[in-house]
Structure formats: C-alpha cells, structure tokens
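A.B. asks: Input: one structure, supplied below.
Structure (structure tokens):
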C-alpha cells in the first residue's frame, strides 16, 4: 500500500506551476500511527499487570486454557473530526473473536473481521463508501464474580483499514482505535442476563486520496465516552446469544453468539 512521501519534522514545499512554492502542514504518517499503537499496547500491558495481583487467585490447571469464541455483527455511527469539518461516519463489522483463559482472573485474545465505512457527507464520491478489514488484541480481567454480579475490565486495540478505488481516484482510510470498557452482567434468571458497560473510546487516523485529487487528512473521534446495555440468553451451559445497544460516543447495535470450549 503506497504512501505519500511526508516528512515528520519539516513542512512540505510543493512547486507551483509558476515556479514558486508554498507549504502545507504535514499530516499524520504511518510512523506516527505505529508509535501511537506501540504506546497504547504498552499501556494495555502495564494496566493488565497492575490489575493482575488484584484479581487473580492461585492458578489451577483446571481453569487455564478455556476458549471463548464469538461471532459478532455490529453497526454503529459516530462523528469524526477532520481539520476543517466534522463528518458522520457509519461502520458495519462482521467478524469473530478468540479469547483464552490464562488464569482464573485473566483472559486474552484477538479479533478479526470485515468492515464497511460509510460517509455520505464526504466531498469525495470515492470516499463515501469504503471496505476493508480490522484486527487487534484484547485483554480482560475479572474484578468481581458471584451469583449476583460479574464485573470486569476489558482493554482492546484495533487496527482498521478501508479503501475504494475508482477509475481516476483511490481513497484509503487507516485508523487505530483503543477502548477501555467496564463491563457488568447481572443475572435475571438462570438463562437471562442484563449486560451494562461504560467505555472510553479513542480513535485517530488518516484519509489518503491519490489520483485526480491527492491529499492526506487527519481525523479523530469527536467524543470519547460511551455506554451500552443489552441482554444475553444461555442456549446451553456453554453457549449464549445476545444483543446490545450503544450510545454516547457511538450509537448503534451489536448482535453476537458466544461459545465456551
């Protein structure tokens, strides 16, 4: 995937047809995105290590290695802020997650999937609908677990890439998102549970266009704090289906299926 030759330290000098030059503000580079990802990954690791002694009991072989597999469909919309504009953005995802119990109070795994990104108010027709993929890591630690309440902290980081190419223009969106989520499940019956969550959601990236209009634009999430609520139903002792609705920084819904092995 080609990128524009952008300096990390000096303004760019672009030649005009008349021979003079003008400068433009450098956009976020892939190097900058990687640096942000590395910093966030370090934060997630340190947070997990900090929570570890607070939540873990003595390890037992019977609790290690349990697999939590899930399939999910999600559609949410939010506002992304660019240098001189704010655009309503809708993201649809279809993917799966795989998490393994590492010890009685800690699990970790990965997420992969396909995404569609829609921006109906984007001035570039080619950028109104782009498609691509996402992938990332997550860590979850249990804070409280009893017959009345299960409370946990989930930390995740995702890399996202979507693009669309027309005859004379290609658009590529690249962004990294991090999320810290406090999760609660309250059993309502043996099969039915109420799920509540409060999250802090951060997103930063860039839109690259090449061809008839060459440009790089930075964007970020306009609002960070969000919440969700929903229900899940146990269909057998190791499987459940559920849905939740989210508000705040992102508005939309998610449908999922989970299976424990």
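In this note's numbering, the protein residues as written are 3 to 263. For every residue, glycine included, the Cβ atom is placed at its ideal position computed from N, Cα and C. What you are looking at is a predicted structure, and each value in this text was computed from that prediction instead of being measured.
If you reduce the DSSP assignment to three classes, tell me which class residue 128 lands in.
C.D. replies: Walking along the chain shown from the start, residue 128 turns up at place 126. If DSSP states are grouped into helix, strand and coil, residue 128 belongs with the helices.
A.B. asks: Looking at residue 99: is its Cβ nearer than 8 Å to the Cβ of residue 111?
C.D. replies: Locating residue 99 in the chain shown gives position 97, counting from the first residue. Locating residue 111 in the chain shown gives position 109, counting from the first residue. Going by C-beta atoms, residue 99 is nearer than 8 Å to residue 111.
A.B. asks: Could you name the residues of the same chain whose beta carbon sits closer than 7 Å to that of residue 170, not counting the 5 residues immediately before and after it, in chain order?
C.D. replies: For the purposes of this step, residue 170 is taken as the residue at position 168 of the chain shown. Taken in chain order, the residues that qualify are 213, 214.
A.B. asks: Where does residue 263 sit, in a helix, a strand or coil, going by DSSP?
C.D. replies: By 1-based counting over the chain shown, the position of residue 263 is 261. Here residue 263 sits in coil by DSSP.
A.B. asks: Give every residue of the same chain whose Cβ lies closer than 8 Å to the Cβ of residue 133, excluding the five residues on either side of it in the sequence, and list them in chain order.
C.D. replies: Translated into positions along the chain shown, residue 133 becomes position 131. The answer, listed in chain order, is 116, 117, 118, 119, 164, 165, 166.
A.B. asks: Pull up the distance between the alpha-carbon of residue 83 and that of residue 89, whole angstroms please.
C.D. replies: Looking up residue 83 in the chain shown gives position 81. Looking up residue 89 in the chain shown gives position 87. If you take the alpha carbons of residue 83 and residue 89, they lie about 6 Å apart.
A.B. asks: List the endpoints of the continuous beta strand (DSSP E) containing residue 208.
C.D. replies: Within the chain shown, the letter at position 206 stands for residue 208. Segment 194–213, the beta strand (DSSP E) holding residue 208.
A.B. asks: Can you tell which of 178, 153, 254 has the C-alpha that lies nearest to the C-alpha of residue 159?
C.D. replies: One-based indexing of the chain shown puts residue 159 at position 157. Here the closest residue by C-alpha is 178.
A.B. asks: Per DSSP, what kind of secondary structure is residue 9 in: helix, strand or coil?
C.D. replies: One-based indexing of the chain shown puts residue 9 at position 7. Caution is warranted here: a pLDDT of 40 is assigned to residue 9, below 50, making its placement in the model unreliable, and the coordinate value is therefore given only provisionally. Three-state DSSP puts residue 9 in coil, outside helix and strand.
A.B. asks: State the Cα-Cα distance for the pair residue 73 and residue 246, rounded to the nearest angstrom.
C.D. replies: Working through the chain shown from its first residue, we reach residue 73 at position 71. Working through the chain shown from its first residue, we reach residue 246 at position 244. For residue 73 and residue 246, the distance between alpha carbons rounds to 14 Å.
A.B. asks: Measure the Cβ-Cβ separation of residue 195 and residue 175 and say whether it is below 8 Å.
C.D. replies: The residue you call residue 195 lines up with position 193 of the chain shown. The residue you call residue 175 lines up with position 173 of the chain shown. No, the Cβ-Cβ distance between residue 195 and residue 175 is not below 8 Å.
A.B. asks: Taking 8 Å as the cut-off, decide whether the C-beta atoms of residue 198 and residue 231 are in contact.
C.D. replies: Position 196 of the chain shown, counting from 1, holds the residue named residue 198. Position 229 of the chain shown, counting from 1, holds the residue named residue 231. Cβ distance < 8 Å, so residue 198 and residue 231 count as in contact.
A.B. asks: Which runs of the beta strand (DSSP E) fall wholly inside the segment 87–117 and span at least 3 residues, in chain order?
C.D. replies: As far as the segment 87–117 is concerned, its whole beta strand (DSSP E) runs of at least 3 residues are 88–105.
A.B. asks: According to DSSP, which residues form a beta bridge with residue 190?
C.D. replies: The sequence position of residue 190 within the chain shown is 188, counting from 1. DSSP output for residue 190 lists no bridge partner at all.
A.B. asks: If contacts are defined as beta-carbon pairs under 8 Å, then residue 103 and residue 94 qualify, I think. What distance do you get, rounded to the angstrom?
C.D. replies: Taking the first residue of the chain shown as 1, we reach residue 103 at position 101. Taking the first residue of the chain shown as 1, we reach residue 94 at position 92. With 8 Å as the limit, residue 103 and residue 94 do not qualify as a contact, their Cβ atoms being about 30 Å apart.
A.B. asks: Should residue 192 go down as buried or exposed, given a rule of 16 or more other Cβ atoms within 10 Å for buried?
C.D. replies: Residue numbering aside, residue 192 sits at position 190 when the chain shown is read from its first letter. Counting Cβ neighbours within 10 Å, residue 192 comes out exposed, since fewer than 16 surround it.
A.B. asks: Counting only the same chain and skipping the five closest in sequence on each side, list residues whose C-beta sits under 8 Å from that of residue 249.
C.D. replies: As a first step, residue 249 must be located in the chain shown, where it is residue number 247. These residues qualify, in order along the chain: 228, 229, 230.
A.B. asks: Less than 8 Å separating the beta-carbons of residue 157 and residue 140?
C.D. replies: For the purposes of this step, residue 157 is identified with residue 155 of the chain shown, where counting begins at 1. For the purposes of this step, residue 140 is identified with residue 138 of the chain shown, where counting begins at 1. Cβ distance < 8 Å, so residue 157 and residue 140 count as in contact.
A.B. asks: Would you grab the beta carbon distance between residue 186 and residue 236 for me? Rounded to a whole angstrom, and I think it's under 8 Å.
C.D. replies: On the chain shown, residue 186 is found 184 positions in, with the first residue counted as 1. On the chain shown, residue 236 is found 234 positions in, with the first residue counted as 1. No, residue 186 and residue 236 are not in contact; Cβ-Cβ is about 17 Å, not under 8 Å.
A.B. asks: Between the Cα of residue 180 and the Cα atoms of 173, 209, 136, which residue gives the shortest distance?
C.D. replies: In the chain shown, counting from the first residue as 1, residue 180 sits at position 178. Nearest C-alpha to residue 180: 136.
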